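Down below is the structure, laid out as structure tokens.
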């Protein structure tokens, strides 16, 4: 394909994803905003007002970056896994596969939808948080980099889940039994420095901890772990998941058989 044709193909897939997100906004954008608002009310306002500051910030200020990141992770993952599996289910993926589009363009089309939804949800949750507390940005570039890399990583993860899924139950197993526990144990509601040394070391095996802390550093300028380590893990995982997705497409796993 010529470069202009590749751009047109990517634009077409991207436009389809954008239209879908906007058309069913009550399913794609509203639920995470409502859910996070409840977290702000219950944990931030009611419970948080009874807790001591963490790293010099009120409890609600401390958890805002983590709650935004949780919404971004869930939305990015859900968008890609659901759209890709639905494409397999109704067989529209066949039309895409017989087209002359390179595999990387197809992957980019699906993943871009997940990234876009994650970013939109993140912005909406940030706006809602302003009704509950004051937010300052310590490092805009760190914040944006962490946000984009995380949404990209979980868009790839959702795509891989969609490739392997053989039924609608298959797209809910990972979010329920893997993603949700890791997210809640990823330092959203607490600082690992509040833990005994043993549990601090155990927490370091949770990759979401590094994403939350990188994003929190962008807002508050504080992190429980090294910022360089956070981005090293983020970039490494994103590249690894991207390579796996490309490999699975090349092999036709879950698609051509």
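Residue numbers (this note's numbering): 572 to 828.
For glycine and all other residues, C-beta sits at the position ideal for the given N, C-alpha and C.
Since the model is a prediction, treat every value here as computed from it, not as a measurement.
* Asked: In the DSSP assignment, what are the bridge partners of residue 625?
  -> Sequence index remark: in the chain shown, residue 625 carries index 54 (1-based). DSSP, once it has assigned bridges, lists 628 as partnering residue 625.
query = Can you tell me whether DSSP reads residue 583 as helix, strand or coil?
reply = Looking up residue 583 in the chain shown gives position 12. In the three-state reduction of the DSSP assignment, residue 583 falls in the helix class.
Look at the alpha carbon of residue 788 and the alpha carbon of residue 574, and state the distance between them as a whole number of angstroms.
Stepping through the chain shown from its first residue, residue 788 is reached at position 217. Stepping through the chain shown from its first residue, residue 574 is reached at position 3. If you take the alpha carbons of residue 788 and residue 574, they lie about 39 angstroms apart.
Q. When the Cβ atoms of the region 760-778 are set against those of the region 685-692, are three or more pairs found closer than 8 angstroms?
A. No contact exists between the region 760-778 and the region 685-692.
* Asked: If we count Cβ pairs, one from each stretch, closer than 8 angstroms, do we get three or more for the region 739-753 versus the region 706-722?
  -> Contact fails: fewer than three Cβ-Cβ distances are below 8 angstroms.
Sequence-distant residues of the same chain with beta carbon closer than 7 angstroms to residue 660, five excluded per side:
Taking the first residue of the chain shown as 1, we reach residue 660 at position 89. So no residue of the chain qualifies.
Review point. In whole angstroms, what separates the C-alpha of residue 824 from that of residue 637?
Key: Position 253 of the chain shown, counted from the start, is the residue given in the question as residue 824. Position 66 of the chain shown, counted from the start, is the residue given in the question as residue 637. Rounded to the nearest angstrom, the two C-alpha atoms are 34 angstroms apart.
CB residue 812 to CB residue 728, shorter than 7 angstroms? Taking the chain shown and counting its residues from 1, the one referred to as residue 812 is at position 241. Taking the chain shown and counting its residues from 1, the one referred to as residue 728 is at position 157. Yes, the pair counts as a contact, with Cβ atoms nearer than the cut-off.
Practice problem: Answer yes or no: do residue 780 and residue 757 have a C-beta to C-beta separation smaller than 7 angstroms? | Solution: Counted from its first residue, the chain shown places residue 780 at position 209. Counted from its first residue, the chain shown places residue 757 at position 186. Against a cut-off of 7 angstroms, the Cβ pair of residue 757 and residue 780 comes out as a contact.
Go ahead and pull the three-state DSSP assignment for residue 817.
Residue numbering aside, residue 817 sits at position 246 when the chain shown is read from its first letter. In the three-state scheme derived from DSSP, where H, G and I count as helix and E and B as strand, residue 817 is classed as helix.
| message | Let me check understanding here. Comparing Cα to Cα, which of 649, 678, 818 and 775 lies closest to residue 577? | response | As a position in the chain shown, residue 577 is number 6, starting the count at 1. With respect to the C-alpha of residue 577, the residue from 649, 678, 818 and 775 having the closest C-alpha is 678.
request  = Along the alpha helix (DSSP H) that carries residue 717, what are the first and last residues, could you check?
outcome  = Taking the chain shown and counting its residues from 1, one reaches residue 717 at position 146. Per DSSP, the unbroken alpha helix (DSSP H) holding residue 717 starts and ends at 711-735.
### Query
How do the region 815-824 and the region 728-737 stand: do at least 3 beta-carbon pairs fall below 8 angstroms, yes or no?
The answer is yes - the region 728-737 touches the region 815-824, with three or more Cβ pairs under 8 angstroms.
Alpha carbon to alpha carbon, what distance is there between residue 572 and residue 673?
Looking up residue 673 in the chain shown gives position 102. Looking up residue 572 in the chain shown gives position 1. C-alpha separation (whole angstroms): 8 angstroms.
- Report yes if the C-beta distance between residue 640 and residue 796 is below 7 angstroms; otherwise report no. On the chain shown, residue 640 is found 69 positions in, with the first residue counted as 1. On the chain shown, residue 796 is found 225 positions in, with the first residue counted as 1. Going by C-beta atoms, residue 640 is not nearer than 7 angstroms to residue 796.
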